[in-house]
Amino acid sequence: MISTMHTRLARLYAQHLPLRVLPAPIEFPVLTEMMQWHYQFDRDPGLIWLRGYLRECAGE
C-alpha cells in the first residue's frame with residue numbers, strides 16, 4: 073500500500089505502526105490548507121472554538 077501525506081503525520085504513524093517513511097519520488101507543489109463552513113454557522117460557539125483550535129494547531 074502506498075500513501076502520500078505530510079511528513080510529520082507519516083512519522084507519527086510510523087511510531088505506532090509497521091510503516092516505512094520514504095521521500096516522494098517527485099516534487100509536489102506546496103499545498104494550501106483552508107477551512108470552509110456554511111455562513112449560517114459563522115456564530116456557532118462550537119465551530120468558533122473548533123476553527124480557533126485548528127488555527128492554533130496549524131501554528132497561525
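The opening position of the sequence shown corresponds to residue 73 in the numbering used here, with each subsequent residue numbered one higher. Idealized CB from N, CA, C, for every residue including glycine.
Integer Cβ distance of residue i from residue j, believed to fall under 8 Å
i, j, result
"Arg123", "Met107", "6 Å"
Residue of the options minimising C-alpha distance to residue i
i, options, result
"Pro101", "Met73, Ala130, Arg83, His78", "His78"
"Leu94", "Tyr125, Leu126, Ile74, Glu128", "Ile74"
"Trp97", "Thr76, Ile120, Leu84, Leu119", "Note that residue 97 is Pro in the sequence shown here, rather than Trp. Selected option, being the one with the closest Cα: Thr76."
Continuous alpha helix (DSSP H) stretch holding residue i: start and end
i, result
"Ala96", "Counting along the chain, Ala96 falls outside any alpha helix (DSSP H), and DSSP gives it neither H nor E."
"Glu128", "117-130"
"Thr79", "79-88"
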